[in-house]
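Below is one structure, written out as structure tokens, with a few remarks after it.
Residue numbers (my numbering): 265 to 653.
Okay, structure coming up:
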């Protein structure tokens, strides 16, 4: 950061943290988008998480004292971000990823929003996907178009990652209160932090897209990511305060959602019976969790990833769910078929999606009318849906 940046005006200093690992020269695009911000008081801290591609030498040569460069042994993105936070001089912390881009005016807009909403400890914005070469698309990142200002825990819990980490500006004091990134998590560390922040503090939201999230070929959910997500939600269940008790059923459903996906990862390919036994164990442990859309979505996602979606297999799972929830058998069967319909539609299998949707409607028109099913119908009608996918 240049001295002129620091000295301009009396605005609070924002420390921009950019972790990186072997992303030269892509990281330069991220740094450049941060340095181009018109907010008068910020510093850019780049934490090199043990890169072996010469990142440090090239960054020093290219940027000089316009950035603060920190090198550490490879310890993961959570540790890198924490190193940046500890080195930061600002009262506000902004996070940027080494492969993503900020659009002009981001920091200024967010700091104005935080000054306007003094009761809020964090600010986040809408984000868009961009292509691997940095070209913006019109596709909204995750559920980042569904934000609001105020208490947003009820939005973040069912819509992670609702708050894209590169869109987040947070008061340093709030981080000190809830704790920094969990360095034991190799994936999902941003979800964990956002849940803890919004559990304790209000947030302010900007509907303008100020962030471009780069989408890489081959991006997919991994075994490690699913395992980390389970740890995040289990810890949340253990620490959920009494005043948030109403959210416990949803937290439990999120755990089941990821347990199903983990079962899909861990069951050998082609071992349908073994996978089915895992499913039954998960359902039997807490049948009531199957009253939530999320549990069904996780189950269907695991089945699709394995290719286990023949009608006979779908029928076996539907029967299994019905056996464990006899008081709400038809509704839960319908919820499962709705989840199948939605996922098949997202994969472009419209005929099969329509068939499963019709089966769901026959079983329970009420379940069929739930919100996530309407999203499926939008897909079948050829309209664009932007949501959790």
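Positions of the beta carbon are idealized from the N, C-alpha and C atoms, including for glycine.
Every value quoted in this text rests on a predicted model; they were computed, and no experiment measured them.
- Query: For residue 492 versus residue 452, is the C-beta spacing smaller than 8 Å?
  - Reply: Between residue 492 and residue 452, the C-beta gap is smaller than 8 Å, which places the two residues in contact.
- Task: Look at the alpha carbon of residue 358 and the alpha carbon of residue 495, and state the distance between them as a whole number of angstroms.
- Result: Whole-angstrom Cα-Cα distance: 26 Å.
- Item | Beta-ladder partner(s) of residue 394, from DSSP | DSSP lists 400, 478 as partners of residue 394.
- Counting along the chain, where does the alpha helix (DSSP H) carrying residue 465 start and finish? In this chain, residue 465 is not harboured by any alpha helix (DSSP H), its DSSP state being neither H nor E.
- Query: Can you name the start and end residues of the alpha helix (DSSP H) that residue 546 belongs to?
  - Reply: From DSSP, the alpha helix (DSSP H) with residue 546 extends over 536-549.
- Give the straight-line distance between the Cα atoms of residue 413 and residue 466, rounded to the nearest whole angstrom. In a straight line, the C-alpha of residue 413 is about 7 Å away from that of residue 466.
- Query: Should residue 428 go down as buried or exposed, given a rule of 16 or more other Cβ atoms within 10 Å for buried?
  - Reply: By the 10 Å Cβ count, residue 428 comes out buried.
- Message: Nearest by alpha-carbon distance to residue 235: which of 505, 478, 409, 555 is it?
- Response: Given that the chain is displayed from residue 265 to residue 653, the structure contains no residue 235 and the question cannot be resolved.
- Message: Pairs of beta-carbons, one from the stretch 399-418 and one from the stretch 436-443, closer than 8 Å: are there three or more?
- Response: Counting Cβ pairs under 8 Å, fewer than three are found: no touch.
- Compute the distance between the beta-carbons of residue 604 and residue 620, then report whether it is under 8 Å. Contact check for residue 604 against residue 620 passes: the beta carbons are separated by less than 8 Å.
- Query: Apart from the five residues on each side of it in sequence, which residues of its chain come closer than 8 Å, Cβ to Cβ, to residue 524?
  - Reply: Only 543, 546, 559, 562, 563, 565, 566 meet the Cβ criterion.
- Query: From residue 402 to residue 300, what distance separates their C-alpha atoms?
  - Reply: Roughly 23 Å between the two C-alpha positions.
- Task: Leaving aside the five residues before and after residue 498 along the sequence, list all residues of the same chain whose C-beta is less than 7 Å from its C-beta, in chain order.
- Result: Cβ neighbours of residue 498 beyond the five flanking positions: 519.
- Message: Please identify the residue among 405, 340, 387 whose C-alpha is closest to the C-alpha of residue 448.
- Response: Of the residues 405, 340, 387, the one whose Cα lies closest to the Cα of residue 448 is 340.
- Got a sec? Which residues, its chain only, sit under 6 Å from residue 426 by beta carbon, not counting five neighbours each side? Answer for residue 426: 407, 419, 420, listed in chain order.
- Message: Taking only three categories from DSSP, how would you classify residue 389?
- Response: Residue 389 falls in the strand class under three-state DSSP.
- Three-state class that DSSP yields for residue 348 in the structure shown: Looking at residue 348 - three-state DSSP - the assignment turns out to be helix.
- Message: Taking only three categories from DSSP, how would you classify residue 287?
- Response: When secondary structure is reduced to three states using DSSP, residue 287 falls in the coil class, being assigned neither helix nor strand.
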